[in-house]
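Numbering (the numbering used here), first residue to last: 3 to 446. Beta carbons are placed, not taken as given, at the ideal position from N, Cα and C, and that holds for glycine. For clarity, every value in this text was computed on a predicted model and none was experimentally measured.
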Amino acid sequence: GESVSARAWWEANPKDNVRSLVIEWNSPSAASDADFYPQSSDDFEVQGATERLPADSGKIRIRKDVKKLEGDWPKQISGLLIQKSGNERATYEVTLDVGPEGSSIADVQNPIAARPLWEMLLYAFIGGLILNVMPCVLPVIALKIVGFVREARSDPRHIRALGLVYALGVLLSFLALAGVVILFQAAGHKVAWGMQFNSPYFLLAMTVLVTLVALNLFGVFEISLGPRTLDAAAALSSKSGPAGAFFNGLLGTALATSCTAPFLGAAVGFAFAQPPLLIVLVMLTVGVGLATPYVVLSWQPAWLKFLPKPGPWMEKFKIAMGFPMLAAGVWLCSLLSTHYGDRTWAVAIFLVFVAVSAWIYGEFVQRGRKHRVVATGVAALLLVAGYAYSLEGELQWRTPLNGNAAPQLSGVSPSGEWHPWNPAAVAAAQADGHPVVVDFTARW
Numbered sequence: 003g004e005s006v007s008a009r010a011w012w013e014a015n016p017k018d019n020v021r022s023l024v025i026e027w028n029s030p031s032a033a034s035d036a037d038f039y040p041q042s043s044d045d046f047e048v049q050g051a052t053e054r055l056p057a058d059s060g061k062i063r064i065r066k067d068v069k070k071l072e073g074d075w076p077k078q079i080s081g082l083l084i085q086k087s088g089n090e091r092a093t094y095e096v097t098l099d100v101g102p103e104g105s106s107i108a109d110v111q112n113p114i115a116a117r118p119l120w121e122m123l124l125y126a127f128i129g130g131l132i133l134n135v136m137p138c139v140l141p142v143i144a145l146k147i148v149g150f151v152r153e154a155r156s157d158p159r160h161i162r163a164l165g166l167v168y169a170l171g172v173l174l175s176f177l178a179l180a181g182v183v184i185l186f187q188a189a190g191h192k193v194a195w196g197m198q199f200n201s202p203y204f205l206l207a208m209t210v211l212v213t214l215v216a217l218n219l220f221g222v223f224e225i226s227l228g229p230r231t232l233d234a235a236a237a238l239s240s241k242s243g244p245a246g247a248f249f250n251g252l253l254g255t256a257l258a259t260s261c262t263a264p265f266l267g268a269a270v271g272f273a274f275a276q277p278p279l280l281i282v283l284v285m286l287t288v289g290v291g292l293a294t295p296y297v298v299l300s301w302q303p304a305w306l307k308f309l310p311k312p313g314p315w316m317e318k319f320k321i322a323m324g325f326p327m328l329a330a331g332v333w334l335c336s337l338l339s340t341h342y343g344d345r346t347w348a349v350a351i352f353l354v355f356v357a358v359s360a361w362i363y364g365e366f367v368q369r370g371r372k373h374r375v376v377a378t379g380v381a382a383l384l385l386v387a388g389y390a391y392s393l394e395g396e397l398q399w400r401t402p403l404n405g406n407a408a409p410q411l412s413g414v415s416p417s418g419e420w421h422p423w424n425p426a427a428v429a430a431a432q433a434d435g436h437p438v439v440v441d442f443t444a445r446w
């Protein structure tokens, strides 16, 4: 790979166990941003603040403060040099000898330098492909299997059309996601893959939607595209034909963004640091990878011969596929505890109201012959009552906890009790010379 020459030296005598370190390396282009990320050490600590210093043409020079914890001052330091030039970012892994003013020069390789666009697009495609087997997407794969079974003996042209419609649903979803990323960046916000799962309102809506999809697969209520449908989106989930294929594409993307996959992190990280056009290109490439297996199978009907002939077993299979979808709903509900704490149990109560309403609607409105108006009113009344009691009263869904709910940690640290994260408290403890242990986790 591309190489770079770098050197490091102490700038001044230590003061209160703190000493300034200067790092300089050559750069063929001017860098708008530069930093050094050190490897951890028990003997010293490189402070986070970075000061850019004047440097000769073709060079970058920065200053970092180093705090000695024990032993002698380090004679060698390792880490990552990072620079950003325009839309390109380069990273160099270095191990530098540190001596008096001016001495050490090291020739280091650039294993993580800015990669060419075609390589990032390849990573995006492979990452999207692998998303098909990630746990968060498996419930939608179950729906695809149901669709394949239903359509396996249909006209090949019809099957191919369904594959393309599914791909269109995926691509439009990723296009919308790219648009959201661009808008957030333009507003000055940081963006990340699956950032919508940080929103309690998105999680709440997805929990209800996925539960309705599961109830639909269980046969609690039937498919209907009319205005009387309890939830048209949930009904679409298992509908054969273009509407079902398109909705499966939307739902697959919504769930896929809660997972990551090998290669995907590098591609998405690259994309989110690029101009809008490249963000769209990379995100659409991920969508192509996600949709490819379904499209390929729909265009190769001979590969579907392993599917058994349609029969009564299909209804049982469809019901069985509702269970992984229900599991996805439970998982989504569990994520809400980050935003609502112990109040999250109210969501489960609301889902019971939703399930009973869906059953009344399916049994007495869609499949019944008498008292349809009364049944519709009862179903609607249950939904309103469940919403008022569970979501408005108990959950108070409009007012999530300030920040994330503090983790319930047991035990004590060597120097005291666990406390919720507070940057000011950490800085104060470090200023007093106390070690700080930070415990952090991810919920999705």
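Do three or more CB pairs link the region 185-195 to the region 303-323 at distances below 8 Å? no
Mapping DSSP to helix, strand and coil, what is K146? helix
Sheet register partners of W27 (DSSP bridge): A8, I62
Contiguous alpha helix (DSSP H) assignments of at least 4 residues, all confined to the region 290-330: none
Using a Cβ-Cβ cutoff of less than 8 Å, which residues in the same chain neighbour L385 once the five nearest sequence positions on both sides are dropped? F355, V356, S359
Straight-line gap, A236 to S201 (C-alpha atoms, nearest Å): At A236, the pLDDT of 47 sits below 50, so the modelled position is not reliable; the number obtained from the coordinates is stated separately. Straight-line Cα distance between these residues: approximately 21 Å.
Three-state class that DSSP yields for P158 in the structure shown: helix
Between the C-alpha atoms of G2 and Q78, what's the straight-line distance to the nearest angstrom? The first residue shown for the chain is 3 and the last is 446, placing residue 2 beyond what the model contains.
Please confirm if the region 129-136 is in contact with the region 292-299, defined as three or more CB-CB distances below 8 Å between the two stretches. yes
Only counting the same chain, and skipping five residues up and downstream in sequence, which positions put a Cβ closer than 6 Å to that of A180? I281, V282, M285
Tell me, which residues are paired with I84 by DSSP? D37, T93
If you run the structure through DSSP and keep just helix, strand and coil, what is T213? helix
Three or more beta-carbon pairs under 8 Å between the region 80-94 and the region 21-40, yes or no? yes
Judging by CA-CA distance, which residue of G271, A430, A387 is the nearest neighbour of I351? A387
How would you call G221, buried or exposed, if buried means at least 16 neighbouring beta carbons within 10 angstroms? exposed
Please go through the same chain and pick out, in chain order, the residues whose beta-carbon is closer than 6 Å to the beta-carbon of S80, but skip the five residues on each side of it. Q41, T97
If L170 and G251 are in contact, beta carbons under 8 Å, what's the gap, nearest whole angstrom? 7 Å
Where DSSP assigns a beta bridge to V20, which residues make up the other side? K17, K69
With R371 as the anchor, note down where its beta strand (DSSP E) starts and where it stops. R371 -> no beta strand (DSSP E), and no H or E assigned at all.
Nearest CA to the CA of G60: which residue from V6, P76, D45? V6
Rounded separation between G73 and D45 - CA only: 6 Å
With the cut-off set at 8 Å, would you say G364 and V212 are in Cβ contact? no
Note down, in chain order, each residue of its chain lying with its Cβ closer than 7 Å to the Cβ of W301, except the 5 sequence neighbours on either side. R162, G165
DSSP beta-bridge partners of V100: A10
Quick check: the Cα distance between G246 and Y168, rounded to an integer number of angstroms? 8 Å
Give me the DSSP bridge partner(s) of T52. K66
What do you reckon, are the CB atoms on Y342 and P402 nearer than 8 Å? yes
Excluding the 5 residues preceding and the 5 following Y125 in the sequence, name in chain order all residues of the same chain whose CB lies nearer than 6 Å to its CB. F265, A268, A269
Quick one: residues in its chain with C-beta nearer than 8 Å to the C-beta of A407, no 5 flanking neighbours on either side, listed in chain order? Because A407 sits at a pLDDT of 46, beneath the cut-off of 50, its placement in the model cannot be relied upon, and the following sentence gives the value as read from the coordinates. Here the set comprises S339, T340, H341, Y342, G343.
How is the alpha helix (DSSP H) around T255 delimited, first residue to last? 244-258
Taking buried to mean at least 16 other C-beta atoms within 10 Å of its own C-beta, is F248 buried or exposed? buried
CA-to-CA distance, K70 to N19, given in whole angstroms: 5 Å
Can you tell me which of the three DSSP states Q187 falls into? helix
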